[in-house]
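K.L.:
Protein chains in written order, with the UniProt record's numbering: chain F, 1 to 664; chain H, 1 to 664.
Set out below in structure tokens:
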């Protein structure tokens, strides 16, 4: 609170729970809370990390990213931050940069796919940032279909080298972050060709630029791919294009943990299981789910605080107008997003556990849970990123006209977030993978293969096909089991219906293509069930703090009943509930909105975001919105002069009707 | 086709209808077609109007707008374009500018609210652009609630002047386009105060800047409000902030067509009906609906063409991969948007007729249809702008990763379009107005007041309450009457249900607030019915051209059945259809997607957009996407140097581990 006045104190006093305890719940543990709290304050208090000028850093935005990245690395070293702290610091700097790919993709690729020797050689260089790496997978012509990549790595037995080459325009590497201007090295993916035989796509460590003068090495063409969505957003990142013209690398720069090429040019597989790759995907995607809850909660925090500040209509006798957060239409749009932020937080926490569980099992050569874990993370990545992208834009609209100003923080948040719907698996392609897993699960129900993990409910399919909700009054919808069973019945019936329709096709693959839209719906139903069930599981744990559990119960019910309302067609057409029960759910939902209302501000305070991290005038902790918006406006470069550049050439001749002879 | 090769010719050859005839249907008439075609080519072929560099015009964007606006005005005069042609030219320049507000709001405000004398004085100056005007209504603290504006205009009988004043920070005018740096005059809205009595909000013509040196006049503080969403988008426009410090204007600069202030300070109403204001709103909003179809069709055109160019997966034996437009999931997302673009086009055409009808009636002192027309345009503005904003973003996602590049044109299209959901009436606030009208209509059903216009179906409410769809097979859903009745029954039952629930509240206003979310749903159902019914009416007309009518029938069915699928919960819970009939609708929808598939490219060609207007590499007419994307990428300023600015200061010390002593 810069000026010491808390314009939202009257809202905070309404809260019926202990916000400090809720902060711990949101963070995951006291330790997590303290880590985030400490590092976020460290970043927020250092003027070198200011970001309120970001959208005005016209032409200097990229250079500013380089400065911040270098400064962050300097501070990480000076403060001797550990890996976890360094990760937090980079995330609170809150600006996409080449370092994201270095730490998030390049290093893990070598850790996961490199042999022990390769790791010993390359990781110390990467850990010290003596080299900077990127992850060069997607090409101009291929994104989702990784197996269709065109870049080739041809083994030359004479020199014991691979020749990396881009045979077509569409084989140009396209999009890799950090590639365009900064990376010195890449893990590049290419088709391995030995003696004319194509062994599919493999990863190779390729040096791109000289470590002396930073110029591209011979045979390498690199550039930036140009402006992206948003004023700053990913324009702080040098997403790049890369072409190889017969670039030679030593044989030992193919990542050889899973498959090797021998000196003689023999292709051999190691005894390391290929499934490890899926383990890595589970890890990357669980992080994306965790990030979804962060992004959505930021937007919700901004929209909630501003909705309490903004007043419109409803004044009687010259008194204060109504806070827009008190309108039911505002609540019906905002509170489900608040509930979703919490729901994604908890399912993200659970996914972290799942990844550890999978990793332990892999190490013990137990692959039994891997397909289910893989489908589950793919589905949750899709579900949470789609809902978050849509939710941020909805929050922007909930802020009315002022949400359209960059100073609201919401345009940037949206533009920087939406690629999550596309990268690491297009969200629709991922749902089709989930659907494939579901169809397989259904088809094996009769056999001895019992469904595991998040598909375990399918074992009760016969019972669920008979299910009819016994809800009689609105309060019945507050019972966790009542909600859970309705979601289980809906999901299983949609899957079974798809399986039955598929069986009518002579060619199953043709059927899968034809019914793809229905299969996507079934996958969504399954994924929503997972989120609801993990929220309910969370509430079965011991949750300390005055009133905290009660608030989470309210939010859990809102999340579930909001989905039920939104997908009412599914629940009714599968006969899980009847129209009367649907309308009781809506009635209960309205009631829940009233319950969450006095706690709304405290529930977003519990995210514990600094004003620096939020980066929004509308979302300021102290609610002092209008004076600060006004201050901010005057900083715009257009206000540097009273009469704008161009007035003399273009506007004056217009007003004076002297355009005829003007050169324009 | 710059290079003379049409990479989409094989798609165009598939079309089963005459695209030239469809262009006429889309345009509205041959005359409309020729006007658009001629002016769009004029703009596209003149390098002064190039816009492919727009997102790179960092720091020079606003000046470039001034140049384009001056040049456009010069050309309009040189070519002696009439009003309609000039309007078209400005819209094809395709860049928000101060001229939009001058022609779109300032001039119409004087035309609509000025006396004959005032019009004679001010309009010639405005028509000649000897003055440039803006529309200063919204304030920092008030948008939707116009009656809550705080700016005051106090009559001073001594000097026969009004004193315009901003009494608080929140009374600062905020957002008006063209205000920030360019406008010389404004129509400003302020509370009229005479002798201490508040007569509510009125419009005043106020000079803002000197016509000599363009400096703000005494007592006037003006600035730009800063960066907005998107790389260029509305950042080409000087949305402004304005404060008045006791600024004096002559009494005859209050717009006095409806109410006057006499020399003695008496407030008198003229015999001009106040309802005229609603007529103006009908006009502004019908234009917004027309613009929605343009914006959505641009996005759909880009996504459709690129979906035919892009191939991913499905290659067998090294052959071509599958065009993504052939995937059912792509079709199920894209084709409803294609159908929506056509649906909005036709409902927009009908609204134009409605406005003329209302105007004629007003002139004959017939106000009977005005409330219904007002509700109808409010609802359609809300429905079409929401669907268009969401649809543009969906089209961007349908283009995968490449949709995120500015060169796709889609980020800009989204950022420049979304304010339409907020300006001229927040979309949720407007739906509540529709709901109010519907509740009034229901409450009067028993009385002699027969519902008119788009609410006429309510007269059959008793019959509609008994309705059960008699659909037995998928093809039944192709019958226009079957669809229409289902939509009428759904809409009327949702309205009646709301009315019944409202009647349970002792205080009707409290009930309206409490049930607002349900009322919004009922309003949406009513508005969707309007769009469906106007599409069906269009098809009852004579439609020339080989295969044209057939295509429109397919699109009409897709639009209706897509809505039915999306809102299945409404149709099932109101008992209008049963689950089996819902699933037959989905089956029919899949069938319709297959029918539209071979015609998809020709259906977007029929929009007749130049590549200049589309501004998208993915949407190029000739489909030559990849080489052009590559060319465009290299034009990015970051590619001007091989080693980027900042490398020496920030990256080299990092790589050389010399950061410790670096100044960052």
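Here a beta-carbon is modelled for each residue, glycine too, at the ideal position from N, C-alpha and C.
Being a predicted model, the structure only gives us computed values, none of them experimental.
Sorted by chain position, which residues of the same chain lie with C-beta nearer than 6 angstroms to residue 1(F)'s C-beta, five sequence neighbours on each side aside?
P.N.:
Caution applies to residue 1(F), whose pLDDT of 47 falls short of 50 and renders its modelled position unreliable; the value that the coordinates give is listed next. Excluding positions up to five away in sequence, the list reads 622.
K.L.:
Given this structure, state the Cα-to-Cα distance separating residue 680(F) from residue 576(H), to the nearest angstrom.
P.N.:
Since the first residue shown for chain F is 1 and the last is 664, residue 680(F) is missing from the structure and cannot be characterised.
K.L.:
In terms of alpha-carbon separation, which member of 569(H), 409(H), 236(H) and 532(H) lies closest to residue 554(H)?
P.N.:
That would be 532(H), whose Cα lies nearest to the Cα of residue 554(H).
K.L.:
Any contact of the region 140-156 of chain F with the region 188-207 of chain F, i.e. 3+ C-beta pairs under 8 angstroms?
P.N.:
A contact exists between the region 140-156 of chain F and the region 188-207 of chain F.
K.L.:
Report, in whole angstroms, the separation of the C-beta atoms of residue 256(H) and residue 115(H), which I expect to be a contact under 8 angstroms.
P.N.:
Contact flag correct, Cβ pair sits at about 5 angstroms.
K.L.:
For residue 215(H), return the contacting residues in chain F, with the cut-off set at a CB-CB distance below 9 angstroms.
P.N.:
What residue 215(H) touches in chain F: 642 and 643.
K.L.:
Buried or exposed, going by whether 16 or more other CB atoms sit within 10 Å of the CB of residue 609(F)?
P.N.:
Buried.
K.L.:
What whole-angstrom Cβ distance do residue 340(F) and residue 127(F) have, given they're in contact under 8 angstroms?
P.N.:
The Cβ separation is near 37 angstroms, so there is no contact.
K.L.:
Report whether the distance from the Cβ of residue 384(H) to the nearest heavy atom of the ligand MG is below 7 angstroms.
P.N.:
The ligand MG is not among the ligands present in this structure, which contains no ligands whatsoever.
K.L.:
Mind pulling the chain H residues with CB within less than 9 angstroms of residue 182(F)?
P.N.:
Simply 644, 647 and 651.
K.L.:
Between which two residues does the beta strand (DSSP E) containing residue 187(F) stretch?
P.N.:
That run of the beta strand (DSSP E) goes 185-194.
K.L.:
When the cut-off is 8 angstroms and only beta carbons count, does residue 626(H) lie next to chain F?
P.N.:
It does; some Cβ of chain F falls within 8 angstroms.
K.L.:
In angstroms with no decimal places, state the Cα-to-Cα distance between residue 387(H) and residue 343(H).
P.N.:
If you take the alpha carbons of residue 387(H) and residue 343(H), they lie about 12 angstroms apart.
K.L.:
Once you ignore the five residues that flank residue 64(H) on each side, which residues in its own chain have a CB closer than 6 angstroms to its CB?
P.N.:
Result list for residue 64(H): 57, in chain order.
K.L.:
Measuring alpha carbon to alpha carbon, tell me which residue in 372(H), 546(H) and 174(H) is nearest residue 449(H).
P.N.:
Of 372(H), 546(H) and 174(H), the residue nearest in Cα terms is 372(H).
K.L.:
Taking 8 angstroms as the cut-off, decide whether the C-beta atoms of residue 286(F) and residue 352(F) are in contact.
P.N.:
Closer than 8 angstroms, so yes.
K.L.:
When we look at the beta-carbon of residue 209(H) and count the other beta-carbons within 10 Å, is it buried (16 or more) or exposed?
P.N.:
Counting Cβ neighbours within 10 Å, residue 209(H) comes out buried, since at least 16 surround it.
K.L.:
In chain order, what residues of the same chain lie with their CB nearer than 8 angstroms to the CB of residue 12(F), ignoring the 5 residues before and after it?
P.N.:
Hits under 8 angstroms: 6, 19, 601, 602 and 605.
K.L.:
Using only the alpha-carbon positions, how far apart do residue 131(H) and residue 441(H) sit?
P.N.:
Using only the alpha carbons, I get a separation of about 46 angstroms.
K.L.:
In chain H, what lies closer than 7 angstroms to residue 559(F) by C-beta?
P.N.:
Near residue 559(F) there are no residues of chain H at all, since even the closest Cβ is about 16 angstroms away, more than 7 angstroms.
K.L.:
Is residue 358(H) buried or exposed, if buried means 16 or more other CB atoms sit within 10 Å of its CB?
P.N.:
Residue 358(H) comes out buried.
K.L.:
Confirm, please, whether the CB-CB distance from residue 303(F) to residue 395(F) is below 8 angstroms.
P.N.:
Against a cut-off of 8 angstroms, the Cβ pair of residue 303(F) and residue 395(F) comes out as a contact.
K.L.:
With distances taken from CA atoms, which of 350(F), 551(F) and 663(F) is nearest residue 597(F)?
P.N.:
Selected option, being the one with the closest Cα: 551(F).
K.L.:
Return the residue from the list 89(H), 390(H) and 409(H) that minimises the CA-CA distance to residue 618(H).
P.N.:
The shortest Cα separation from residue 618(H) among 89(H), 390(H) and 409(H) belongs to 409(H).
K.L.:
What residues of chain F sit near residue 634(H), judged by a beta carbon separation below 7 angstroms?
P.N.:
The contacting residues are 223.
K.L.:
Taking CB distances under 8 angstroms as the criterion, tell me whether residue 306(H) reaches chain F.
P.N.:
Not closer than 8 angstroms to any Cβ of chain F, the Cβ of residue 306(H) fails to qualify, so no.
K.L.:
Which residue's Cα is closest to the Cα of residue 652(H): 45(F), 9(F) and 69(F)?
P.N.:
Nearest C-alpha to residue 652(H): 69(F).
K.L.:
Counting C-beta neighbours from all protein chains within 10 Å, is the total for residue 472(H) 16 or more, i.e. buried, or is it exposed?
P.N.:
Residue 472(H) is exposed by the Cβ-count criterion.
K.L.:
Interface residues of chain H around residue 426(F) at Cβ under 8 angstroms?
P.N.:
Under the 8 angstroms cutoff, chain H gives 400.
K.L.:
Which complete alpha helix (DSSP H) runs does the region 465-550 of chain H hold, if anything under 4 residues is left out?
P.N.:
You should have 480-502, 508-514 and 516-539.
K.L.:
Return the chain-ordered list of same chain residues with a C-beta closer than 7 angstroms to the C-beta of residue 667(F), the five sequence neighbours on each side being excluded.
P.N.:
Not covered by the structure: residue 667(F). The range shown for chain F is 1 to 664.
K.L.:
Expressed to the nearest angstrom, what Euclidean distance is found between the alpha-carbon atoms of residue 125(F) and residue 321(H)?
P.N.:
Answer to the nearest angstrom: the Cα atoms are 40 angstroms apart.
K.L.:
What are the start and end residues of the beta strand (DSSP E) that includes residue 391(H)?
P.N.:
Residue 391(H) -> not in any beta strand (DSSP E); alpha helix (DSSP H) instead, spanning 370-398.
K.L.:
At which residues does the beta strand (DSSP E) containing residue 612(F) begin and terminate?
P.N.:
Looking at the DSSP string, residue 612(F) is not in any beta strand (DSSP E); the run it does join, the alpha helix (DSSP H), is 611-614.
K.L.:
Would residue 579(F) pass as an interface residue toward chain H - the criterion being a Cβ-Cβ separation below 8 angstroms?
P.N.:
Answer yes: the Cβ-Cβ gap between residue 579(F) and chain H drops below 8 angstroms somewhere.
K.L.:
When burial is assigned at 16 or more other CB atoms within 10 Å of the CB, is residue 212(F) buried or exposed?
P.N.:
Residue 212(F) should be labelled exposed.
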